[in-house]
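Remarks on the structure that follows.
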Amino acid sequence: MKNLQTIKHNAQKGFTLIELMIVVAIIGILAALAIPAYQDYTIKSRVGEGASLSGAFKTAIEIYWSENGTLSDTGTGLGGDTLGLSSVSAQYVSDISVEAGPVLEVTLRDSSKLGTAADTCFQYVPTHPDAGRNLTWSVEANACSGGASGPVASKYLPRD
Numbered sequence: 396m397k398n399l400q401t402i403k404h405n406a407q408k409g410f411t412l413i414e415l416m417i418v419v420a421i422i423g424i425l426a427a428l429a430i431p432a433y434q435d436y437t438i439k440s441r442v443g444e445g446a447s448l449s450g451a452f453k454t455a456i457e458i459y460w461s462e463n464g465t466l467s468d469t470g471t472g473l474g475g476d477t478l479g480l481s482s483v484s485a486q487y488v489s490d491i492s493v494e495a496g497p498v499l500e501v502t503l504r505d506s507s508k509l510g511t512a513a514d515t516c517f518q519y520v521p522t523h524p525d526a527g528r529n530l531t532w533s534v535e536a537n538a539c540s541g542g543a544s545g546p547v548a549s550k551y552l553p554r555d
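Residue 431 in my numbering sits at position 36 of the sequence shown; the count goes up by one each step and never skips.
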């Protein structure tokens, strides 16, 4: 009888070392996958600031296109100075400029919060596929004409 009481009294309570090691390993694997994905997500959302700020420039180019039926190759005549669009500066965007074509070039700041997207650029290129009055925009990671160190990685590009 005493043996049975001793066995019950010494019954295992809590987790064994192997169970704890398995749980720690699973958490480590999940963290190894989730942290880089989250970092990419936050950088992409910060790069997206350029997409929202370029809307006024796109509108100016589209108005010029609908009124004149052609695109200004140099970006002149778009009303940039009169609309206050000659330069834009924000938390993660250092400049948006109208380049030849016209192409909108968005230059990102050299900020540690942008990770590998710091001091890079991307471009909005207008096309008119139906030869009508509508423009479509494509986002491209082309070589920069401004002072940026290079194009942004394609995984950070905003959607068209």
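Virtual Cβ for every residue (Gly too), placed ideally from N, Cα, C.
Are residue i and residue j touching if we call contact CB-CB under 9 Å?
| i | j | result |
| --- | --- | --- |
| Ser549 | Ala536 | yes |
| Pro521 | Trp460 | yes |
| Ile421 | Gly510 | no |
| Leu466 | His523 | yes |
Between the C-alpha atoms of residue i and residue j, what's the straight-line distance to the nearest angstrom?
| i | j | result |
| --- | --- | --- |
| Gly545 | Leu503 | 10 Å |
| Leu478 | Gly496 | Its pLDDT being 48, under 50, Leu478 is placed unreliably in this model, and the value from its coordinates should be taken loosely. Spanning the two alpha carbons is a distance of roughly 20 Å. |
| Val442 | Phe517 | 9 Å |
| Lys408 | Tyr433 | 38 Å |
| Asp476 | Ala485 | Only weak support is given to the placement of Asp476: the predicted model assigns it a pLDDT of 48, under 50, and the question is left unresolved by the model. |
| Ser506 | Val547 | 13 Å |
| Ala427 | Lys508 | 20 Å |
| Trp532 | Gly450 | 11 Å |
If you drop the 5 nearest sequence neighbours on each side, which residues of the same chain put their C-beta closer than 6 Å to that of residue i?
| i | result |
| --- | --- |
| Gly445 | Val488 and Val501 |
| Leu530 | Glu457, Trp460, Pro521 and His523 |
| Val498 | Gln518 and Val520 |
Within a Cβ cutoff of 7 Å, which residues of the same chain sit near residue i, ignoring the five residues on either side of it in sequence?
| i | result |
| --- | --- |
| Ser492 | Glu500 and Gly541 |
| Tyr551 | Ile438, Lys439, Val442 and Ala512 |
| Val419 | none |
Cutting at 8 Å between CB atoms, please list the residues of its own chain near residue i, excluding the five before and the five after it.
| i | result |
| --- | --- |
| Ala543 | Thr502, Leu503, Asp514, Thr515 and Cys516 |
| Glu494 | Gly470, Glu500, Gln518 and Ser540 |
| Glu462 | none |
So does the region 408-425 actually touch the region 448-458, counting three or more Cβ pairs closer than 8 Å?
-> no
May I have a chain-ordered list of the alpha helix (DSSP H) segments no shorter than 4 residues that lie completely inside the region 481-545?
-> none
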